[in-house]
Structures are given as C-alpha cells and as structure tokens.
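*Asks:*
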Amino acid sequence: MIHKVSPPAFYAICTGLFFTSLFVISCILPLLRRGLGLLLLQIRKLVFHRFTIGRHSHIGPWTVWFTLTHVVYVASNVAGLCVGAQSTSLYMSRAGQLALVNAAPLLLSMHLSFLADLFGLRLRTFLLVHRACGLMTTAHVVLHSIVVVARGVSMERSNSVDVYPVTAAGLLLLSTLIGPILRRRYYELFVRLHQALAGGVAAGTVMHLRAVAWSRWPFMYAYGGLVSALTLFQLGRTILYNKQLGLPLPRIDVTSSHGTVKATITVSRPLVIDAGQYVNIWVPSVSLFSSHPFTITSWSPYPVRRFELFIQRRQGFTSRLHDRAELHRDISVQSRMLFSGPHGSSLRVWDFEHVLFFVQDFGIAAALPHLQKLIHGRARGQRKTRRVHVLWHVNNIDARQAVTPTINDLFHADGAGESYIFHVSVYNGIEMETETSSHGRFTIHPGVPNVWEILSAEANLREQQVTEGRTTTDAVQESSALDTSRTGMRNHGTGDNERTLVVVSAKGALRDEVRLSLRGFLSRGFELQDLDFQPV
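For what it's worth, the working numbering labels the leading residue of the sequence shown as 583, then goes sequentially.
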C-alpha cells in the first residue's frame, strides 16, 4: 500500500536532505579527499620509489611498479596458454596464437619513435614494452616449436607447416641472445641485425600461416592493412617535413668544440619544436646505413627553420661526424640529410614553482631546452616559476667547456636584480674548494652531490618563500589560503603552483639515488620526471 506524503512532510524531507548535503560537502568530502590523498601518497612511495631488484650490470633496477606490471603480463599469458588446455595439440595451437598477439605491436613499424608518439608513450617506456613483448613472443614461439619437434613431425624443407616455426624460433633466440652483447658496444650493428632478424621472423611467420587453416581469418588482412596505412602515413609525414616545393633538402652544419660536436640543422619547412623533443637524422655522406636520435638542445616559442644539436662523440656515426668536423675545423661544411620528427613530448615545467635538475656530464644537453623555456616564460611574466636550480655532476671536462657559453647566455637572459631565478651548482672531483661567481648564481663544489641534503635544502627554501609570500598578502587572501590548506588539497599549505619538479638526466647510480631519496619528500610537494635522454 502506497502512502501519500503530505506537503509539510515532503518539505521536511527536502530541508533535511539540503542540510545533510551541506554537511557532507563541507565536512565529510574534505576528510575523504584528504584520506584519499594520503593513501595515494603512500602508494606512490611504495610502487614508484622502491626497488625490488637493484641495478646490476645486465639487469635492473626494477621498481615495484615495473615488477607488478611484468608479473601481471606473464600471468595473463600463462593463463591464456594453460587454462582449459588438455592436449599437446591445444598447447601448440594456443602458443602459436599468443605469439602472434604478442608480436603484433613489434611489427607495426620499423620506427619505434613513431609508434611511441602514436601511443602517447615516452620512448624509454615504449622500449620497455617492446622488449617485454619480444621476450614473450620468443617464449611462445619456442614452446610452439618444441611441441612440434616433440610430436615427431617431419622437418623436411617441403613441410612448411613445421620448418618455419622452428626457423622463426631460432631467429628469435639468436636476436635475444646476441642483443645484450652487441647493444652497448656495437649499437649500429645491433640495430641493423635486429631489424634483419625481425624481417626474417615476419617472413617465416607469413609462410607458416599460409599452410594452416585459420590463417584465412580476417585478422591477418586487417593487421596487414593497418601496417600498410601506418607505413604510408609515416612516409608521408617524413616527406612533408623534409621537403617544401622550391626549397632544398635539410642541411646539417657541424663544428667541433672541446671534443664534442655542435650541429646546426636548417630545414625547408618551419617546425614547432617543444622542449625535450628529439629528431632522428640520417646523413648519407657520413654513414649510408646509420641514423641516430639526438635531443634538440635549442628552444623557441615560435616555429623555426633552424635548430641545434649537442652531440657527444662515441663510436660509429657520432665518431665519424666528429672526425668530419675536426677535418674542416676552419671552414663551415654543410651536408644534406634527412630526418624524422620531432618526436617525444615535453615536461609541464611551467606548472611548478621550483624546478630542480640533476644532470650528469652530457645529460646537461637534454636539460638546456627546458631551461630556455623556463627562463623565457619567467622573463615574459607568463609563469610563476620562482627558482630553477641545476645540479650538474661533471666528470667530463669537455662537456663543461662546450656548454659554458650556453649557460652564460641563460644567465644573461635571466633578468636583473631580484628577478633572478636561475642557479647552477657544479660538482666535480678536480676542484679542491668551493668557488662562487661574482653574481652568486654559479657555484663550483668539490666532490659529488649529496642528494638528500640538496633535496632538504630546496624543500626548506621553498617553504620559507611560501611563508614569506603569505605575510605580504592581506587578511582575506591569507584566510583563503588557510581554508584551502584545511581542505587537504595540498600538503603543507602549498597552492596549485607551489610544488617542486625534480628532473633527472644522469647515469644509473645517480638516478637511483635521486629516486630513493625522493621518497621522503613526496609529501612536501616533490615530483620526479626522467628525461628521454640519459647518459651512459
């Protein structure tokens, strides 16, 4: 039986709901938001700033997040292989199908930078995905081939159903085993051999699938169409960026400076380049079969036809490029080239009041465009950045001498008087005592940086600036800031921009130390970002 609600009762219910809603919004939701923020903070500390396996010569470091994602990935493949399988033929079939699924991201394009941009991932992250998919594909193909051999099936050349999976397994194993050996010492040889083996695996897979019934599935044709479309799109994009009608192909001008190479690239079509992006360049006159990615070290808020690269001499392509610059030291030598890019994404450095860079040796090259962007935004009054501090651990004196002119230009562009925000601290083992420049913003320290002490000093300085800033506001603004603090939107009373971004471009040991040390500062508004380029 339905009872009718009288108007006074309905009014009373609505009034009660109204005041209950006000109570929930004003008291309960802030507590829930604060509790959720504390929970997420503890999860960040546990998952992203704790290692399950430390750094070793051939493995690590593995964070908890890295380990969890890989465990889930392996477990899902094992479940897909084993659940409900009651015969060896079913194991063989499932292993082959799972190998195809895991191999699908590997063969979408020969250019990993293009795929990383397409999926919105950073190149280093996508390389980890690529590696995991490759290892899982190898495991499934090897299992598929072992079952084929164990069943005693003929391996004659005419029997393509059986010989091709075994051939593909051999090529995958060869690529997996020789990769770690060649990658560090002979990178260019490794890349070309890796691509050749991948092509062999793809060809063997296609030949094998032609002989089995389920290869007629539309999946294969759809995948082939997708690969063709992506290849055409990538080719068209590269042609568009490299050539404008009536203008020459891009040119590269290299000069030698203190054992390094400074390259200026001139393109025919204006490019919009953000800080932190990179290009892959191919210079046929230097190396016909080699291309190389380089971080763009210049930045402009406008489209440009010219940008700069800072290149460390190593082996192969970079060594030959340096030799050419040394051979023509007194004259400018331009070479025609092709490039792809710009690739990668930029850090949102303007969202932070304090930005702290930990860089080592040639890692400073990856930080330069971000520094230019920060100082430009501050000089134009567009952003609220209060402090930019570069901690530069230099073991290579050539890198310091080559970058010093650019650092001086940044000091000059930083402004005058109390508006200075740019500071540089250099650490090396050559100097015997601390030295400070006349303007007080460039300091040389002996030894290595103490990461924990530096983070503590930066945190205390920022909180001191926040406190001093509040004392200059009127009572209404101060009351609003305190109310915001009580709601739990920011810990320690920080506003939307009162956070510190820690950016790292350094060797493994320093990167690991920064990540572990930062666990104690996450609650004080610190965040960590690694740049795409990391020196080795």
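Here a beta-carbon is modelled for each residue, glycine too, at the ideal position from N, C-alpha and C.
#1: Using a Cβ-Cβ cut-off of 6 angstroms (strictly less than) and excluding sequence neighbours within five positions of LYS955, which residues of its own chain qualify?
#2: Assuming contact is defined by CB atoms lying nearer than 9 angstroms, are PHE1103 and ALA1039 in contact in what I supplied?
#3: Span of the alpha helix (DSSP H) holding GLN777?
#4: Which whole runs of the beta strand (DSSP E) in the stretch 596 to 649 are 3 residues long or more, in chain order?
#5: Can you find at least 3 beta carbon pairs, one from the stretch 665 to 683 and one from the stretch 719 to 729, that sit closer than 8 angstroms?
#6: Just confirm the distance between the C-beta atoms of THR1128 and HIS874, as a whole number of angstroms; I'd bet it's less than 8 angstroms.
#7: Within a Cβ cutoff of 7 angstroms, which residues of the same chain sit near PRO1031, ignoring the five residues on either side of it in sequence?
#8: So if DSSP puts GLN897 in a beta bridge, which residue, or which two residues, is it bridged to?
#9: Put ILE863 into one of helix, strand or coil per three-state DSSP.
#10: With 16 other CB atoms within 10 Å as the buried threshold, where does GLU1017 fall?
#11: So the beta strand (DSSP E) GLN942 belongs to, where does it begin and stop?
#12: Quick check: the Cα distance between PRO830 and SER850, rounded to an integer number of angstroms?
#13: Considering only C-alpha positions, which residue in the set HIS994, THR967, ALA1091 and VAL1006 is nearest to ARG1081?
#14: Name the DSSP bridge partner or partners of THR670?
#15: Buried or exposed: LEU827, going by 16 or more other Cβ atoms within 10 Å of its Cβ?
#16: So VAL1008 is in the beta strand (DSSP E); what residue range does that whole segment cover?
#17: Give the range of the beta strand (DSSP E) segment to which LEU1113 is assigned.
#18: Would you call the stretch 646 to 664 in contact with the stretch 676 to 685, where contact means no fewer than 3 C-beta pairs closer than 8 angstroms?
#19: Can you find at least 3 beta carbon pairs, one from the stretch 690 to 702 and one from the stretch 921 to 936, that sit closer than 8 angstroms?
#20: Who does GLN916 pair with in a DSSP beta bridge?
#21: Do ALA780 and LEU688 have their C-beta atoms closer together than 9 angstroms?
#22: Would you report the Cα separation of PHE921 and ASP905, rounded to the nearest angstrom?
#23: ILE946: which of PHE1004, PRO1117, PHE772 and LEU909 sits nearest, CA to CA?
#24: Report the three-state DSSP secondary structure of ALA845 (helix, strand or coil).
#25: Going by C-alpha distance, which of ALA948, GLN942, PHE940 and ARG960 is nearest TRP932?
#26: Candidates ARG887, ASP943, TYR860 and ILE855: which alpha carbon is nearest ARG895's?
#27: What do you get for LEU611, buried or exposed, if any count of 16 or more other CB atoms within 10 angstroms of its CB means buried?
#28: Kindly list the residues whose CB is nearer than 8 angstroms to the CB of LEU690, restricted to its own chain and excluding five residues on each side of it in sequence; keep chain order.
#29: Using a threshold of 9 angstroms, state whether the C-beta atoms of ALA778 and VAL941 are closer than that.
#30: Counting along the chain, where does the beta strand (DSSP E) carrying PRO1031 start and finish?
#31: Suppose you measure from the CA of SER742 to the CA of MET789; what does that come to, to the nearest Å?
#32: Where TYR768 and LEU1037 are concerned, what is the direct C-alpha to C-alpha distance, given to the nearest angstrom?
#33: Which class does PRO687 belong to by DSSP, given the choice of helix, strand or coil?
#34: Among the candidates TYR884, ASP1094 and THR986, whose CA atom is the shortest distance from the CA of VAL854?
#35: Per DSSP, what are the beta-bridge partners of HIS722 in this structure?
#36: Considering only residues of the same chain and omitting the five flanking positions on each side of LEU1113, which have a CB-CB separation below 6 angstroms?
*Replies:* To lay it out plainly:
#1: ALA857 and TRP881
#2: no
#3: 769 to 791
#4: 633 to 635
#5: yes
#6: In the structure as shown, the chain starts at 583 and stops at 1118, and residue 1128 therefore has no counterpart that could be examined.
#7: LEU973, HIS975 and TYR1009
#8: Paired residue(s): none; GLN897 is not in a bridge.
#9: strand
#10: exposed
#11: 936 to 942
#12: 7 angstroms
#13: THR967
#14: For THR670, which the question treats as bridged, DSSP gives no partner whatsoever.
#15: exposed
#16: 1004 to 1010
#17: Looking at the DSSP string, LEU1113 is not in any beta strand (DSSP E), and its letter there is neither H nor E.
#18: yes
#19: yes
#20: ASP835
#21: yes
#22: 21 angstroms
#23: PRO1117
#24: strand
#25: ARG960
#26: ASP943
#27: exposed
#28: LEU697, LEU808, VAL809 and LEU812
#29: no
#30: Looking at the DSSP string, PRO1031 is not in any beta strand (DSSP E), and its letter there is neither H nor E.
#31: Annotation note: pLDDT 47 at SER742 (below 50); position unreliable, coordinate value reported separately. When rounded, the distance between both Cα atoms is 7 angstroms.
#32: 38 angstroms
#33: helix
#34: TYR884
#35: In DSSP, HIS722 forms no bridge with anything.
#36: ALA948 and SER1087
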